[in-house]
Amino acid sequence: MQPEDAPRSREQAKQWKKERKLQAQRKAKETASATAEAKAARRPSPPPSVQLSKALAYILRHGAEKEHLPVRPDGFIQVDAVLARPRVQKVPMMEEDTVRAPTLEDIQAIVRDNDKKRFELVEGAANSPTEPGTCWWIRAVQGHSLDQITDLSHIPLTVENVSSHLQALLPTSTSCQAIHGTNDEAWTQIEASQALRRMQRNHIHLAKGVPGSSGVISGMRTSCTRLLYVNVSRALEDGVPFVVSSNGVILTPGVGETGALPLTYVECVTDAQGTHIWP
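Residue numbering for the sequence shown follows this note's numbering, beginning at 55 and increasing consecutively.
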C-alpha cells in the first residue's frame, strides 16, 4: 500500500498549494478593488459642467459608433440624439434643489464657455447642418479617432501661406515651427522609434506656441514636460500635409499611410521651462 499512497499524497500537496495560490490571488484582487473604490469614494466628483464636457468630447471624438449615433463626414451629430444617450442623460445638472438631465441650453453653455473652443454648434435642417432650419447640430473641431470623419473644414497649410498661421519660435531658425507637447515617458518612446505617431487618433496634434502665449488656446496640455519643436516649413516642402483647426490646433496625419512624422523634422526638444533636452 505504501508505494501507492505516496504518489497520491504528493498530488494532494500540489493541489493544496495550487488552491492556496489561487486564494491569495483572489484576495489580492479584492483588496486592490476595495482600495480603488475607497479612493474613488474619497475623490470629489467634478462639476456637472465638466462631466458634460467630457461626455461630449468622448462621443463626438471617439464614441459615436459605440453610442449608436449616426455621424456625418464633417463630424456633426444632431444634438437631440446626443442628449438622448444614457452617458449624457446621467450627468446630474443642478437646478435650484433638483437634479435633472442636461438640455440644449446646457450644451450651448458648454460650447460657449469652453476655453479651448473644442466644440462647434450650429442650427440647420434636420437632414443637414449646412441647410436652413431649426435643428441643432454639434461636433468636435479636432481630436477625432473615428475614420469616417474626413471633412472638418480645416484650413490646409501650404509653403505659401504657412507664415500667415505660424511663426519662427526658435531664435536660431527662420522656419515656421509648431510644438508637440508630451511627457518624459512618451518622449523616450518617440526618441527610440525616431518618429512622432498619431496613435489611435486621426492626426498628430501640435500647438502654435507654448501654452499661455498670445493666440494659443489649444494644441497641448499645460502639464506637458517635453516640448518638441517641429519644422513645419520644411515638412511642407517635403509634401507632408498640415491643416489648422478652427481653434488653432495644427494637425498632421504624418507621412503617407505611416501615421508617423519622422524625428528629422523636429529641430529641438526642451522641457517646460525651456531647458534644452535634445539633440
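All C-beta atoms, glycine included, are put in the ideal place defined by N, C-alpha and C. Because the structure is a prediction, the values reported are computed rather than measured.
Terminal residues of the alpha helix (DSSP H) in which residue i lies
| i | result |
| --- | --- |
| residue 162 | 158-167 |
| residue 203 | No alpha helix (DSSP H) contains residue 203, which DSSP labels as neither H nor E. |
| residue 137 | 133-137 |
| residue 243 | 238-247 |
| residue 216 | 216-219 |
Alpha-carbon to alpha-carbon, residue j and residue i
| i | j | result |
| --- | --- | --- |
| residue 331 | residue 164 | 38 Å |
| residue 84 | residue 78 | 10 Å |
| residue 67 | residue 87 | 30 Å |
| residue 225 | residue 157 | 49 Å |
| residue 229 | residue 213 | 11 Å |
| residue 218 | residue 179 | 35 Å |
| residue 202 | residue 122 | 14 Å |
| residue 298 | residue 159 | 29 Å |
| residue 328 | residue 236 | 14 Å |
| residue 246 | residue 333 | 13 Å |
| residue 294 | residue 222 | 18 Å |
| residue 267 | residue 192 | 28 Å |
| residue 111 | residue 325 | 28 Å |
| residue 81 | residue 98 | 28 Å |
| residue 63 | residue 74 | 16 Å |
Under 7 Å between C-beta atoms of residue i and residue j
| i | j | result |
| --- | --- | --- |
| residue 271 | residue 120 | no |
| residue 288 | residue 241 | no |
| residue 244 | residue 306 | no |
| residue 284 | residue 320 | yes |
| residue 317 | residue 308 | no |
| residue 130 | residue 186 | no |
| residue 199 | residue 255 | yes |
| residue 260 | residue 323 | no |
| residue 145 | residue 210 | no |
| residue 232 | residue 220 | yes |
| residue 194 | residue 166 | no |
| residue 197 | residue 252 | no |
| residue 109 | residue 133 | no |
| residue 205 | residue 124 | no |
Helix, strand or coil at residue i [DSSP, three-state]
| i | result |
| --- | --- |
| residue 102 | helix |
| residue 211 | coil |
| residue 305 | strand |
| residue 319 | helix |
| residue 182 | strand |
| residue 116 | helix |
| residue 55 | Low confidence applies here, because residue 55 scores a pLDDT of 48, under 50, leaving its location unreliable and the question unanswered by this model. |
| residue 198 | coil |
| residue 261 | strand |
| residue 297 | strand |
| residue 170 | coil |
| residue 73 | helix |
| residue 85 | helix |
| residue 222 | coil |
| residue 270 | coil |
| residue 97 | coil |
| residue 290 | helix |
Paired residues, beta bridge with residue i - DSSP
| i | result |
| --- | --- |
| residue 253 | Beta-bridge pairing links residue 253 to no other residue. |
| residue 285 | 231 |
| residue 324 | 281 and 330 |
| residue 175 | 192 |
| residue 147 | 154 |
Residue span of the beta strand (DSSP E) that contains residue i, given as start and end
| i | result |
| --- | --- |
| residue 314 | 314-316 |
Any non-hydrogen atom of the ligand ATP closer than 6 Å to residue i Cβ
| i | result |
| --- | --- |
| residue 181 | The ligand content of the structure shown is nil, which means the ligand ATP is not present either. |
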